[in-house]
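For the record, the sequence lines run as chains A and B. For the first sequence, numbering that gives the first Met the number 0 gives the first residue as 0, with consecutive numbering after it. For the second sequence, numbering that gives the first Met the number 0 gives the first residue as 0, with consecutive numbering after it.
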Amino acid sequence: MSGELGPSGPHPALPREPRVPAKPASRGGDGGGKRGQRGQALIETAITLPIMIALFLGFLAVGLAVQGAVDLNTAVYLATASAVTAPANAPATGQAYARATYGYTVQHFNFLADTGQSISCTGSWTPGTPVRCSAQAKVLLSSTFGIVPDLQLSATASATVPAYRSE
Amino acid sequence: MVVWVFLLLMFGALSAALHSLQREVAETAASIGVQVAASADPQHPDQPNLQGAYGPTVAVLQPVMFDTNVQQVPRGKRCHDPGAISPGNVEVCVYQDQFQGQTLVVERVSGRPAYIIPFLAQWLNWSIDVTLGVREVTYQP
Numbered sequence: 000m001s002g003e004l005g006p007s008g009p010h011p012a013l014p015r016e017p018r019v020p021a022k023p024a025s026r027g028g029d030g031g032g033k034r035g036q037r038g039q040a041l042i043e044t045a046i047t048l049p050i051m052i053a054l055f056l057g058f059l060a061v062g063l064a065v066q067g068a069v070d071l072n073t074a075v076y077l078a079t080a081s082a083v084t085a086p087a088n089a090p091a092t093g094q095a096y097a098r099a100t101y102g103y104t105v106q107h108f109n110f111l112a113d114t115g116q117s118i119s120c121t122g123s124w125t126p127g128t129p130v131r132c133s134a135q136a137k138v139l140l141s142s143t144f145g146i147v148p149d150l151q152l153s154a155t156a157s158a159t160v161p162a163y164r165s166e
Numbered sequence: 000m001v002v003w004v005f006l007l008l009m010f011g012a013l014s015a016a017l018h019s020l021q022r023e024v025a026e027t028a029a030s031i032g033v034q035v036a037a038s039a040d041p042q043h044p045d046q047p048n049l050q051g052a053y054g055p056t057v058a059v060l061q062p063v064m065f066d067t068n069v070q071q072v073p074r075g076k077r078c079h080d081p082g083a084i085s086p087g088n089v090e091v092c093v094y095q096d097q098f099q100g101q102t103l104v105v106e107r108v109s110g111r112p113a114y115i116i117p118f119l120a121q122w123l124n125w126s127i128d129v130t131l132g133v134r135e136v137t138y139q140p
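Listed below in structure tokens is the structure:
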């Protein structure tokens, strides 16, 4: 007979079920509760959706800025490598090499605003001495993301003129 | 609905991050390759070493191009535009070009890597197009 319910409730050896307070009756019955849940879901969506979209666009903007920085660094690095291949003691030729290399590379990067003329190199182009090139460019974030301002970047690279370069 | 929107945005962000990674590696690979190409050919010191660019470029590029076919376009020939390349293929081409009166050696990595992230990535249609030029280094034979 153990486990059977007696007239006064469960058997004393059985654990008691927790008492759940009775739900207050809503005015519209069950339909009102569902409407309330739906409204809560809408409010949660309205709050979280803009945050998630802003986060997503933020990821994209940061990615674009990093891409611009890498592009500019690469362009300046290659321009400097080109500059030191000029004949020894020929700074004008080295500058022309750097400008051509930088301009050609930068023109293929859609998000970098630079005409290719911003690069400048300093050095004597004497064999064994360093040449230093630097450039500035703008990452065009505003054209893609509207309210995000453009980002001004600069990059510098240096290389040594090979000792065996002849004039 | 919130869960679906969250998943879409999360996969979109992951897809964007992966594209960013692949593009930066493509740029690094092209940068390495173009410098090899701009150096003189061992057999012909007055000619650039265009063929030598492919090995270092593919070695750097392939590990991040998941399930993607990296094709070497014959030297001197140009790549197709990314839109004309079918998904899952990336082309590497090395050629010479004129710019501002200078002869430059150019390496281009162009194409559309395979999608490894489900859902959104198939509609985002990411493509890679990196073009780097450097002045050739030649020596008198």
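Quick reminder that beta carbons are idealized off the backbone N, C-alpha and C, glycines included. Please read these numbers as outputs of a predicted model, since none were measured by experiment.
Nearest chain B C-beta to Val61 (chain A) closer than 7 angstroms, yes or no?
no
Can you check whether the CB of Thr73 (chain A) is closer than 7 angstroms to the CB of Arg134 (chain B)?
Cβ atoms of Arg134 (chain B) and Thr73 (chain A): not closer than 7 angstroms.
Quick one: is Ile116 (chain B) buried, meaning 16 or more other Cβ sit within 10 Å of its Cβ, or exposed?
buried
Would you call Thr130 (chain B) buried or exposed, if buried means 16 or more other Cβ atoms sit within 10 Å of its Cβ?
buried
Helix, strand or coil, according to DSSP, for Tyr101 (chain A) in the structure here?
helix
Leu77 (chain A) at chain B interface by Cβ criterion, 7 angstroms:
Chain B, which has a Cβ nearer than 7 angstroms to the Cβ of Leu77 (chain A), makes this yes.
Gly32 (chain B) beta carbon less than 7 angstroms from that of Ala52 (chain B):
Taking C-beta atoms as the reference points, Ala52 (chain B) and Gly32 (chain B) count as a pair closer than 7 angstroms.
Endpoints, alpha helix (DSSP H) assigned at Thr67 (chain B)
Where Thr67 (chain B) is concerned, there is no enclosing alpha helix (DSSP H), given that its DSSP letter is neither H nor E.
Any beta-carbon of chain A closer than 7 angstroms to the one on Val104 (chain B)?
no
Am I right that Gln46 (chain B) and Ala37 (chain B) are in contact with their C-beta atoms under 8 angstroms? What's the rounded C-beta distance?
Wrong, their Cβ atoms sit about 11 angstroms apart, outside the cutoff.
Coarse secondary structure for Leu49 (chain B), derived from DSSP in three states:
coil
Among B:Ser14, B:Asn68, B:Ser19, B:Leu20, the one whose alpha carbon lies nearest that of Val91 (chain B):
When B:Ser14, B:Asn68, B:Ser19, B:Leu20 are compared, the shortest CA-CA separation from Val91 (chain B) is found for B:Asn68.
Would you say Phe55 (chain A) reaches chain B, if we count a Cβ-Cβ gap shorter than 7 angstroms as a contact?
Yes, because at least one Cβ of chain B sits closer than 7 angstroms to the Cβ of Phe55 (chain A).
CA-CA distance, Thr27 (chain B) and Val59 (chain B)?
8 angstroms
Under 8 angstroms Cβ-Cβ, which residues of chain B neighbour Arg98 (chain A)?
Neighbours of Arg98 (chain A) on chain B, chain order: Gln99.
Note down the Cα distance separating Thr84 (chain A) from Gly122 (chain A), rounded to an integer number of angstroms.
13 angstroms
On a CA-only basis, which of A:Leu48, A:Lys33, A:Gly32, A:Ala162 is nearest Val1 (chain B)? Give me that one, please.
Closest option to Val1 (chain B), Cα to Cα, is A:Leu48.
Could you tell me whether the Cβ atoms of Ala25 (chain B) and Glu106 (chain B) are closer together than 7 angstroms?
no
Going by DSSP, what residues sit across from Glu106 (chain B) in a beta bridge?
B:Val93, B:Leu131
So, is the C-beta of Phe110 (chain A) closer than 7 angstroms to a C-beta in chain B?
no
Within 7 angstroms, strictly: CB atoms of Ser133 (chain A) and Thr104 (chain A)
For Ser133 (chain A) and Thr104 (chain A), no; Cβs fall outside 7 angstroms.
Using 8 angstroms as the cut-off, can you tell me whether the region 1–15 of chain B makes contact with the region 130–149 of chain A, which would need three or more C-beta pairs spanning the two stretches below that distance?
Segments in contact, no.
For Met9 (chain B) and Phe55 (chain A), I'd like the C-alpha separation in whole angstroms.
Rounded to whole angstroms, Met9 (chain B) to Phe55 (chain A) spans 8 angstroms at the Cα level.
If we count the other Cβ atoms within 10 Å of its Cβ and call it buried at 16 or more, is Asp70 (chain A) buried or exposed?
buried
Tell me which residues of the region 8–42 of chain B have at least one Cβ-Cβ distance to chain A shorter than 9 angstroms, keeping chain order.
Leu8, Met9, Gly11, Ala12, Ala15, Ala16, His18, Ser19, Arg22, Glu23, Glu26, Thr27, Ala29, Ser30, Val33, Gln34, Ala37
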